[in-house]
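Worksheet: the structure to be examined is printed underneath.
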Ligand code: SF4
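What follows is the structure in structure tokens.
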């Protein structure tokens with residue numbers, strides 16, 4: 011990992027107005043992301059975790075400018091890309107890639123594996139490769155993601171889930187990316203296949219110097235791959251720190267509850283562990299709670315928590331937490 015910052019997200023907000031009735035009256039605002047800030051260093055894997063609906067995927071999509079943020083900035087490689095038009099973004103489209111949870115839905119079922127990867131190579135308007143060089147590059151990419159060259163003539167429906175995800179990765183790599191937003195890339199796969207794909211991500215990062223923003227709901231998965239992790243709750247980051255620190259010394263009550271649900275393989279440790287059960291459901295982001303967004307489910311909530319939203323504050327080296335009771 012290098013020390014230069016590749017990506018900076020500052021006070022990012024994504025608010026979606028909702029309308030009702032025949033006259034389209036504004037009925038509220040969904041605050042999918044409500045002031046998220048973090049930075050990612052070159053060659054780093056930055057994990058974004060939280061329950062479904064916490065806004066982590068929206069952050070990932072806003073980074074790639076699939077969504078235009080309502081407020082805040084996205085700085086990529088020192089350049090503020092927040093308000094870039096599609097044309098201005100085109101110079102970064104290839105080096106900022108996304109890998110999806112369900113590769114099947116992002117692959118054209120009528121195209122063979124070879125043709126999908128070939129197309130990703132040749133859509134680069136600067137591509138000067140001859141036909142045979144493109145074919146060699148397809149073989150090289152398939153080898154990189156550990157798919158047999160004989161797969162070239164197959165179609166996505168003839169592949170397993172793990173093989174399809176490898177194809178999705180090969181297609182992203184065909185663009186020579188610097189930054190890849192991985193949106194729940196293993197959550198649809200069997201546990202044994204998940205480990206293989208995670209290890210592939212790690213090997214590719216070492217080999218190609220890639221930077222990942224790794225979005226997932228499963229803390230066990232994110233732990234294995236991430237250098238640092240941000241925990242999100244209802245559109246807000248509640249804790250950010252190094253991956254090992256987060257697991258060894260979680261501070262935010264929400265992080266503690268999430269971690270207490272992750273199984274531990276050591277039976278004695280597992281037996282002694284305190285399981286923290288979260289009360290109730292995640293509130294709707296349409297009418298998000300006042301003050302700390304976690305207060306309706308937090309067993310430590312005070313009056314202050316109901317009134318005042320806590321800011322992320324530093325508690326130790328590289329450890330930031332948004333909670334009034336952490337001193
Ligand atoms: Fe709980 Fe209050 Fe901390 Fe929010 S600020 S997590 S409600 S103690």
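Residue numbers (this note's numbering): 11 to 337.
Every residue gets a Cβ at the ideal spot worked out from N, C-alpha and C, and that includes glycine.
Following a CB-centred definition, is residue i positioned closer than 7 Å to any heavy atom of the ligand SF4?
| i | result |
| --- | --- |
| residue 329 | no |
| residue 325 | no |
| residue 28 | no |
| residue 260 | no |
| residue 190 | no |
| residue 304 | yes |
| residue 335 | yes |
| residue 311 | yes |
| residue 64 | no |
| residue 293 | no |
| residue 320 | yes |
| residue 263 | yes |
| residue 315 | yes |
| residue 308 | yes |
Comparing alpha-carbon positions, which option in the options lies nearest residue i?
| i | options | result |
| --- | --- | --- |
| residue 262 | 158, 245, 240, 290 | 240 |
| residue 296 | 65, 168, 32 | 65 |
| residue 219 | 40, 55, 44 | 55 |
| residue 161 | 124, 179, 331 | 124 |
| residue 44 | 312, 192, 190, 79 | 79 |
| residue 41 | 28, 156, 336 | 28 |
| residue 311 | 269, 298, 333 | 333 |
| residue 265 | 294, 229, 300 | 229 |
| residue 186 | 103, 335, 270, 205 | 103 |
| residue 325 | 259, 285, 227, 288 | 259 |
| residue 51 | 322, 15, 183, 168 | 15 |
| residue 17 | 35, 73, 30 | 73 |
| residue 190 | 320, 270, 323, 224 | 224 |
| residue 320 | 328, 327, 46 | 46 |
Mark residue i as exposed unless 16 or more other C-beta atoms lie within 10 angstroms of its C-beta, in which case mark it buried.
| i | result |
| --- | --- |
| residue 19 | buried |
| residue 137 | exposed |
| residue 249 | buried |
| residue 133 | exposed |
| residue 273 | exposed |
| residue 222 | buried |
| residue 153 | exposed |
| residue 208 | buried |
| residue 107 | buried |
| residue 291 | exposed |
| residue 201 | exposed |
| residue 188 | buried |
| residue 303 | buried |
| residue 76 | exposed |
| residue 309 | exposed |
Is residue i close to chain B, meaning its C-beta is less than 8 Å from at least one C-beta of that chain?
| i | result |
| --- | --- |
| residue 327 | Here chain B cannot be found, since the structure has a single protein chain. |
Are there three or more Cβ pairs, one per stretch, closer than 8 Å when the segment 108-118 is compared with the segment 138-147?
no
Are three or more beta carbon pairs between the segment 45-60 and the segment 226-244 nearer than 8 Å?
yes
Ranges of the alpha helix (DSSP H) found wholly within the segment 58-99, counting only runs of at least 4
66-73
Counting only runs that start and end within the segment 170-227, where is the alpha helix (DSSP H) found for 4 or more residues in a row?
171-183, 201-218
At least three beta-carbon pairs within less than 8 Å, the segment 225-237 to the segment 308-321:
no
Pairs of beta-carbons, one from the segment 66-79 and one from the segment 22-32, closer than 8 Å: are there three or more?
yes
Do the segment 174-183 and the segment 92-101 meet, that is, are 3 or more Cβ pairs less than 8 Å apart?
no
With a floor of 4 residues, list each alpha helix (DSSP H) that falls wholly inside the segment 105-148, ordered by position along the chain.
113-116, 123-132
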